[in-house]
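Encoded as structure tokens, the structure appears first; notes follow it.
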Amino acid sequence: MKHFLSLMLCAVLVLSMIPGVVTAEEGAPYVNKTGKPVTLTVFRAMDANLQDYITSWNETPYYQKMEELTGVHIEFVEPTSSAARETLNMLLISGEMPDIIIGSNLYGNGIYQAYLDGYFIDLAPYLPEYAPEYWSIITSSDEYWRDAADADGVISSMFRVFNEPNPAWMRLILKKELLDKLGVESVPATVADWENLFGVMSANGITPYVLASNGYDEKFMGAYDVMKDFYQVNGKIHYGQIEEGFRSYLTLMHDWYEKGYISKDFMSISNIDTLFAMDEIGTYDKPVVAAYNFGVAEGYHVLSTPYPRLSADQELHWDHYTNTMVRRDYDNGCIAVTSSCKDIETAIKWINFGYTAPGIELNNWGIEGLNFEYVDGKPQYLPAQWDYNGISQEGLNYYFKGHNCATYAYSDTQCHANLLKSPEAAAIREEYGDDPLLDHDYYLPSVSLTEEETEIRTEVMTNVDTYVNEMVLKFIIGTESLDNWDAYVATVEGMGIAKAIDAVQAAYDRYVSIVRPE
Amino acid sequence: MASGRYRLLKQIKRYRYIYLMILPVLLYYLIFHYATMYYAVIAFQNYKPMKGISGSRFIGLKHFISFLESPYAWRTIRNTLVLNAYMIAFSFTSAIIFALMINQMQDGKYKRVVQTVTYMPHFISIVVVCGILVEFSESNALFNDVIALLGGERSSLLSDPRKFRPIYVLSDIWQNVGWGTIIYLATLSGVDQSLHEAATIDGAGRLQRIWHVNIPALVPVIVVQLIMRFGQMMSIGYEKVILLYNASTYETADVISSYVYRRGLYEMDYSYGAAVGLFNSVINLIVLFFANTLSRRLTENSLW
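Protein chains in written order, with the numbering used here: chain A, 1 to 518; chain B, 1001 to 1304.
Okay, structure coming up:
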């Protein structure tokens, strides 16, 4: 009997090896074709929506599938997302850098500076050979190249690239039931409409509006033709917080705060979602589809709103959602290779996998048969994508697929599970997306500052930022009178804001003159 | 000399286990407080971690000058000193008064319960305490309920610069008053009972005995505690500041250490952070020296 068992065991072992051999011959993994195990170390912060369910990225079907397809095993350095920035900085200083950094934009002075400081390597020399798919995307047009490369042709990270513009995902949201109860028939369009609505809400004992905790709301600022920090108008760099429009914005916010239209706790409030659900607050800036789906589950109807304007025919220029296809603003969508990486070839090929056909499928859709299937040649999610092992819906996006990762990405309207949940969910995301009087003309692309320019900017802006952020809140809550606006502007100018503007201007001028390689 | 050294060796041999016990503490100070002093040199450099100390550019006192010229130098120094003055005036003294009060209580269950209950908050992590404070300070939360009950107006307490210091100090008293009494209670229990008897015979009442017997007995401990408190003055409590402040309360809340944290670690301006940190230590040394001298002059008790 004992012999029989051990024979069986041997047979099972031998049998189990056969498929492995067959795979290696038929379709070798995309990256590691040696047949020997290869391991890379990768930094990626654990997603906040997943951390209650898993302890490592390697537990996700997404990375298991990735390992199977690429033949590369990954050891993760995975701090919680709230500690990501500090952990990354510590890792870099300590010199024990992983091979690959996902979230390379977390580096304090920016990705390009991390290259100048010697942490990240320049990928440009390797890309044509090791990452032909990514290379062909970013060299396909001057716009793509400008946003993918730094001024001197250095490529310090690889980015999430969209196939079509991704519509705005944050909006001021309202609840239909509440508007009905208040007898308000249409969602507000102008700042005056908002003010009227807030008046009605306030009279009914509802706190109308929770301003962002730092006091900046890009949407209302946009109505006054300013953006936060640096932006450009016809190629000329401006610093928003000292512009006249910003004064008007602060005046409005202070007025609303005084009238009780803005929550007294906007700086510290932590349970906005609950308060909104309970009709205690009227509106706040929120990912609109997530709010809508949450409302459906809780039995109320969330409404999206157009961007506020001073007059109905005002042109807005601040929209940053659609300004470029090459996105440097997704933490998971910026990947760098560090200077301590020994196997640059494998590392770059592994990243480039996200831009090959199977990688695009895995990142955008997930795993066929597990969370999606092809119906008439078109991918469709299976129920598992919304309900699996009790994991939260937001978490499942990261569990099955490369949500917001560096890949050739379909827009959210094509493949975001939250939107595809129902036609209404998709519709609310696209509502007001076709605004003909809206563009991104003022947007400042991600320009690369030289070491010297960075030094100037840091020196000036650390003082300016502290001062300005403090004053903005004081102006709004009224501990500082707006009569002192001129003194405030003079102080910012005294701190040398002109030098910082010049540094950014120089970098911007280089940016617009970049020519892509042939 | 030779015999002295011989005696020392002999002593070390005899009390080797005691010396062994002191070793970890000694190493702690050598490694974490002395060896690291070398790295303070980055305060005089434009330090880049990848280039290392030897490769980074030397720039002298530039960071110190730019700190002292910045609008935040005076404010952070002032806030640090004022916050600590508040802490010493209220939090430090409250432990002494509380110890005297507990000492007057009859031994028994009630006393033990009071002591245990007041010790407990000390063991709660500061992160948790501050999380609770932030929640309770919102305009619709507990603290405001009490204020409203007493006829006050509801407001967001932690966004008002004038309320930051009271919240900081009062919550510290709540958290640490019981723990702070331990050392004083130990001293008070060592007071010779015959002194109390003699005072009673001389007709001293309870308050007079506290004033003339208990407090003089506590003075040496208080002075040592106070000087040590001065020694930690510039570094103590910054975690709590960082957890409680926000941009609208920088005016009263931003202390040197929290400023160093923002500049040095958050914005990765290591050299600048190190320079301000070093400056902080220098101020602390001066304060400590003054406190010690003052105490020696006034009470004849001092650390050195």
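Note that CB positions come from ideal geometry on N, CA and C, so glycine has one too.
Requested in this report: Buried or exposed for residue 1232/B, please, with buried defined as at least 16 other CB atoms from any protein chain shown within 10 angstroms of its CB.
Outcome: Looking at its Cβ environment, which holds fewer than 16 other Cβ atoms inside 10 Å, residue 1232/B is exposed.
Query - One or two residues paired with residue 409/A in a DSSP bridge - result: Looking at the DSSP assignment, residue 409/A forms a beta bridge with 162/A.
Query raised in the report: Under 7 Å, do residue 97/A and residue 351/A count as touching if we go by C-beta distance?
Result: No, these two residues do not count as a Cβ contact at 7 Å.
Query raised in the report: In terms of alpha-carbon separation, which member of 383/A, 405/A, 302/A, 215/A lies closest to residue 335/A?
Result: It is 405/A whose Cα lies nearest to the Cα of residue 335/A.
Query - Which of helix, strand or coil DSSP assigns to residue 31/A - result: Coil, per DSSP.
Query - CB contact below 7 Å: residue 156/A versus chain B - result: No, residue 156/A lies away from the interface with chain B (no Cβ there is under 7 Å from its Cβ).
Query raised in the report: From residue 524/A to residue 329/A, what does the alpha carbon distance come to, in whole angstroms?
Result: Residue 524/A is absent from the structure shown; chain A starts at 1 and stops at 518.
Query raised in the report: Nearest-angstrom Cα distance between residue 38/A and residue 357/A?
Result: Computed Cα separation, rounded: 22 Å.
**Report entry** For residue 76/A: DSSP bridge partner residues
**Finding:** According to DSSP, which records beta bridges pairwise, residue 76/A is partnered with 42/A.
Query - Under the three-state DSSP convention, the category residue 22/A falls into - result: In this prediction, residue 22/A has a pLDDT of 38, which is less than 50 and means its spatial position is unreliable; nothing more can be read from the coordinates.
Query raised in the report: Of all the CB atoms in chain B, is at least one closer than 7 Å to the CB of residue 264/A?
Result: Residue-level contact by beta carbon holds for residue 264/A and chain B, with a gap shorter than 7 Å.
Query raised in the report: Based on Cα-Cα distance, which residue from 292/A, 271/A, 420/A, 367/A lies nearest to residue 1141/B?
Result: With distances taken between CA atoms, residue 1141/B lies nearest to 271/A out of 292/A, 271/A, 420/A, 367/A.
Report task. Using only the heavy atoms of the ligand ATP, determine whether one of them is closer than 6 Å to the beta carbon of residue 142/A. Result -> As far as ligands go, the structure on display features none, and thus does not contain the ligand ATP.
**Report entry** Endpoints, alpha helix (DSSP H) assigned at residue 1225/B
**Finding:** Here the alpha helix (DSSP H) through residue 1225/B covers 1215-1232.
Requested in this report: Along the beta strand (DSSP E) that carries residue 336/A, what are the first and last residues, could you check?
Outcome: Residue 336/A -> beta strand (DSSP E) spans 334-337.
Query raised in the report: Could you give the C-beta distance for residue 402/A and residue 363/A, rounded to a whole number, given that I count them as a contact under 8 Å?
Result: About 3 Å separates the two Cβ atoms, so the contact holds.
Query - Minimum length 3: unbroken beta strand (DSSP E) runs contained in the stretch 137-211 of chain A - result: As far as the stretch 137-211 of chain A is concerned, its whole beta strand (DSSP E) runs of at least 3 residues are 158-162, 170-175, 207-209.
Requested in this report: Taking a Cβ distance cut-off of 7 Å, strictly less, list which residues of the stretch 1225-1246 of chain B are near chain A, in chain order.
Outcome: Residues 1246.
Query raised in the report: Using DSSP with H/G/I as helix, E/B as strand and the rest coil, what is residue 1069/B?
Result: In the structure shown, the three-state DSSP call for residue 1069/B is helix.
Query raised in the report: So what does residue 345/A bridge to, in DSSP terms?
Result: In the DSSP output, where bridge partners are listed per residue, residue 345/A has none listed.
Query - chain B contact for residue 473/A (CB, 7 Å cutoff) - result: Judged by the 7 Å Cβ criterion, residue 473/A is in contact with chain B.
Query raised in the report: When the Cα atoms are used, what is the spatial distance from residue 342/A to residue 327/A?
Result: One alpha carbon belongs to residue 342/A, the other to residue 327/A, and they sit about 28 Å apart.
Query raised in the report: What are the start and end residues of each continuous alpha helix (DSSP H) run of 4 or more residues lying completely inside the stretch 349-433 of chain A, in chain order?
Result: With a minimum length of 4 residues, the continuous alpha helix (DSSP H) runs that stay inside the stretch 349-433 of chain A are 357-364, 393-400, 412-415, 417-420, 423-430.
Query - From 484/A, 278/A, 286/A, 305/A, residue whose alpha carbon lies closest to that of residue 299/A - result: With distances taken between Cα atoms, residue 299/A lies closest to 278/A.
Query raised in the report: Does the beta-carbon of residue 389/A have 16 or more other beta-carbons within 10 angstroms, so that it is buried, or is it exposed?
Result: With fewer than 16 Cβ atoms within 10 Å of its Cβ, residue 389/A is classed as exposed.
Query raised in the report: Would residue 234/A be called buried (16 or more neighbouring beta carbons within 10 Å of its own) or exposed?
Result: So residue 234/A counts as exposed.
Query raised in the report: Short check: CB of residue 230/A to CB of residue 504/A, under 7 Å?
Result: Yes, these two residues count as a Cβ contact at 7 Å.
Report task. Within 10 angstroms of the Cβ of residue 1167/B, are there 16 or more other Cβ atoms? Answer buried if so, exposed if not. Result -> The residue in question, residue 1167/B, is buried, as its Cβ has 16 or more Cβ neighbours within 10 Å.
Requested in this report: Kindly provide the ranges of any alpha helix (DSSP H) runs that are 4 or more residues long and lie completely inside the stretch 1170-1213 of chain B, ordered along the chain.
Outcome: The stretch 1170-1213 of chain B contains these whole alpha helix (DSSP H) runs: 1193-1201, 1206-1209.
Query raised in the report: Leaving out five residues before and five after residue 1095/B in sequence, what residues of the same chain have Cβ atoms less than 6 Å from its Cβ?
Result: Residues of the same chain with a CB within less than 6 Å of the CB of residue 1095/B, apart from the 5 flanking positions on each side, are 1177, 1180, 1181 in chain order.
Query raised in the report: For residue 1220/B, which residues from the same chain have a beta carbon less than 6 Å from its beta carbon, with the 5 sequence-adjacent residues on both sides left out?
Result: Excluding sequence positions up to five before and after residue 1220/B, its CB lies within less than 6 Å of the CB of 1301, all in the same chain and listed in chain order.
Query raised in the report: Can you tell me whether residue 380/A is buried or exposed, with buried defined as 16 or more other CB within 10 angstroms of its CB?
Result: When all chains shown are included, residue 380/A counts as exposed.
**Report entry** Within chain B, partners of residue 119/A - CB distance below 9 Å
**Finding:** Under the 9 Å cutoff, chain B gives 1049, 1050.
Query raised in the report: Leaving out the 5 sequence neighbours to the left and right, which residues in its chain are closer than 8 Å to residue 21/A when beta-carbon positions are compared?
Result: Below a pLDDT of 50, predicted positions are generally treated as unreliable, and residue 21/A, at 40, falls in that range; no measurement from the model is reported.
Query raised in the report: In chain B, which residues lie with their C-beta within 7 Å of the C-beta of residue 284/A?
Result: Contacts between residue 284/A and chain B, judged by CB atoms closer than 7 Å, are missing: the closest CB pair is about 16 Å apart.
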